[in-house]
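The numbers in the numbering used here rise by one with no breaks, and the one at position 412 of the sequence shown is 612.
C-beta atoms are modelled at their ideal positions from N, C-alpha and C, and glycine is treated no differently.
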Amino acid sequence: MGIVANYATDHPWLVAISAGAAVHVTVFIKGEWHMQAPWLATILLGTFAAALTTDLYRPHFHPLSLFSIVATFYIGLLTSIVIYRLFFHKLHRFPGPFGAKISKLWHTLHCLDSRQHIYLHSLHKKYGSIVRTGPRELMIITPDIFELLDDPRNQSHKTDWYDLLRPAKAVISERDPAIHNKRRKIWDKALNAASLAEYKPLLNNHVQKLLDNIDESSAGGKPVLANDVFYWFAFDVVSELALGKTFGMQEERKWHQSTLHLRSGMGLLGIASSVPWLARVAFAYVPNFPVIRDWFALQDFLKEKMTERVHRGLVGKDIAEHFIESVGEENKWTEEDWQWVHGDGMNVLIAGSETTAATITFLFSQLAKDKALANRLHRSLEHTEATDLKALRENELLNGIINETLRLYPALPSAAYRETLEDGLKVGDTWIPGGTKIIAPRYSVARLEAAFPDAESFIPERWMDKPELVPWPKAFAPFATGRYSCVGRQLALNEIRMTTASIIQKYAVALAPGEDGEAVISEMKDQMAVFPGPLRLAFSRRED
């Protein structure tokens, strides 16, 4: 012990740097640490502060200051991490940006403008179909990637990305397959054919309000900011389905404060979602930062409204009723029950509004730019009631336009991560090691010529009578596939079909004067969910 003590005294920096490396190799190299990030940050700052304070109060400053030794420890820790990730990590042979191999912060710094889909697509063009985009993450863009990830034989599972909303619980973010499957049954009941039939009058009522809003907004030939009217509509639909009460945005023709908080918060998630630990630190240390404050305000608002909905009990035909029914009498609810109902309520609001509104916006941008296509769609709907969902489901052109919109402008351009199990995953001739995070951006997969010839062109016919333009159908997965597929798929499609048919039957739609329709695409943002750029349209009533 004396020799060791003497060595530590004679070579304190060497001991400190070795200790830092040892902590990495024996502790931090294993498992997940994102949920512990706040207290790890506290330890980091605390040790520096304690060391500096101690040094300042020492009678005489010494070169071997405690602060320098602590700093050397962290240098050893970080150096070990960098060397390991660059030269010894199981993914070290895969190509990618140098900085991305060291830290996901590289990814975040390149996505501060919420254009993650463009940045990732540029990496695909530069490095190929398999790119290392993080220390233990690969971006894979191949026609069969969705099929591979969701194949029951592979059983890839959700990554730490899905912990962003914790401690709130929601089926969409639940990582335990057994718990997910149990909660999924509640959602399946809430969104089965019988339940969708019960929601139809609610949906039709909001579509009529949308038409009234377009009438008022376009009176006198005024251009209409389509983003507003479509998002107000989608939020009002989902708020009534989830909370039992509408936000009333269509009547008041303005954004509800809670939805403004959501828009602000989505900007934060778009930036921080690639680095879950950073989001946890930000939530813990800067809760009053504007976008974080807005996010917490939204959570508080939704908790309050969901609690009010629970108090009203089984009183209406909405999704919340199925959540309430699954638990039973309110006086027997546990804290975990409340976490589930609050989390699932937020899930409905985000997944059921942002995605649908964006799809409708992009769809009408295409119809406004292609008058011939819009007229074809109008003719195909001449003898169809816009409320006849069965007839709308059978309209090939309508479905072709919707599918092509979902392909080129996916609601989740790059979100949703998976992790390979210990056995790994084979992609073509390449073996992906177990425990690897996988990101497969739909925005880029949709632009693969091997999967969709003439991929950049909007061609609804590829889904109708030109199957040769979809040689790899399973590359199209806007609602995901397998056990983690979107349970609200049919509700979303009903909403999009009914809305599109109702508008096209009543109005001729064109770009507003002076508009070229490019901003909706060039200014679109990837904020976990897609957010279109501005789209100004001119609506003119058709003759009866």
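Asked: Within 7 Å, strictly: CB atoms of N595 and S580; Found: yes
Asked: A651 beta carbon less than 7 Å from that of P423; Found: no
Asked: Distance CB(F267)-CB(L277) smaller than 7 Å; Found: no
Asked: Identity of the residue in V541, A615, T636 nearest D623 by Cα; Found: T636
Asked: Pick from F248, S565, I639 that is closest to P613, judged by C-alpha positions; Found: I639
Asked: Contact between the segment 518-534 and the segment 390-399 (3+ Cβ pairs under 8 Å); Found: yes
Asked: Close beta carbons around V541, own chain, < 7 Å, minus the five adjacent residues each side; Found: M506, V510, F523
Asked: Three-state secondary structure assigned by DSSP to M235; Found: helix
Asked: Status (buried if at least 16 other CB within 10 Å, exposed otherwise) for G420; Found: exposed
Asked: Proximity winner among P297, L514, I659, F433, relative to I601 (alpha-carbon distances); Found: I659
Asked: Segment contact flag, the segment 703-710 with the segment 685-694, C-beta cutoff 8 Å, min 3 pairs; Found: no
Asked: Cβ shell of P610 (< 8 Å), same chain only, five flanking positions each side left out; Found: R642, Y643, A646, P678, V730
Asked: CB of V407 within 7 Å of CB of T699, strictly; Found: yes
Asked: Three-state secondary structure assigned by DSSP to G334; Found: strand
Asked: W631 beta carbon less than 7 Å from that of H234; Found: no
Asked: Buried versus exposed call for P713 [16 or more other C-beta atoms within 10 Å across all chains shown]; Found: exposed
Asked: K725: first and last residue of the uninterrupted beta strand (DSSP E) it sits in; Found: 725-727
Asked: Backbone secondary structure at H292 - three-state DSSP; Found: coil
Asked: Three-state secondary structure assigned by DSSP to S740; Found: strand
Asked: Other residues of its chain near P263: CB distance less than 8 Å, five sequence neighbours each side excluded; Found: In this prediction, P263 scores a pLDDT of 49, lower than 50, which makes its location untrustworthy; no coordinate-derived value is stated.
Asked: Given 8 Å, three or more beta-carbon pairs between the segment 431-451 and the segment 550-558; Found: yes
Asked: CB of L286 within 7 Å of CB of K301, strictly; Found: yes
Asked: Sheet register partners of V730 (DSSP bridge); Found: D726
Asked: Residue range of the unbroken beta strand (DSSP E) whose run includes Y707; Found: 707-711
Asked: Status (buried if at least 16 other CB within 10 Å, exposed otherwise) for Q236; Found: exposed
Asked: Among V491, R742, E695, the one whose alpha carbon lies nearest that of Y399; Found: E695
Asked: Beta-bridge partners of R618, as assigned by DSSP; Found: K358, I638
Asked: Assigned secondary structure, K626 (DSSP; H/G/I helix, E/B strand, else coil); Found: strand
Asked: Which of helix, strand or coil DSSP assigns to I659; Found: coil
Asked: For I217, three-class secondary structure by DSSP; Found: helix
Asked: Neighbourhood of Y207 by C-beta, 8 Å cutoff - its chain only, sequence neighbours within 5 removed; Found: Residue placement at Y207 is flagged as unreliable, the pLDDT there being 47, under the threshold of 50; the coordinate-derived value follows with that caveat. Excluding positions up to five away in sequence, the list reads V215.
Asked: A651, enclosing alpha helix (DSSP H) - first and last residue; Found: Counting along the chain, A651 falls outside any alpha helix (DSSP H), and DSSP gives it neither H nor E.
Asked: CB of P732 within 7 Å of CB of F496, strictly; Found: no
Asked: Simplified DSSP assignment, three categories, for I340; Found: strand
Asked: 7 Å Cβ cutoff met for Y362 and R375; Found: yes
Asked: Three-state secondary structure (DSSP) of W306; Found: helix
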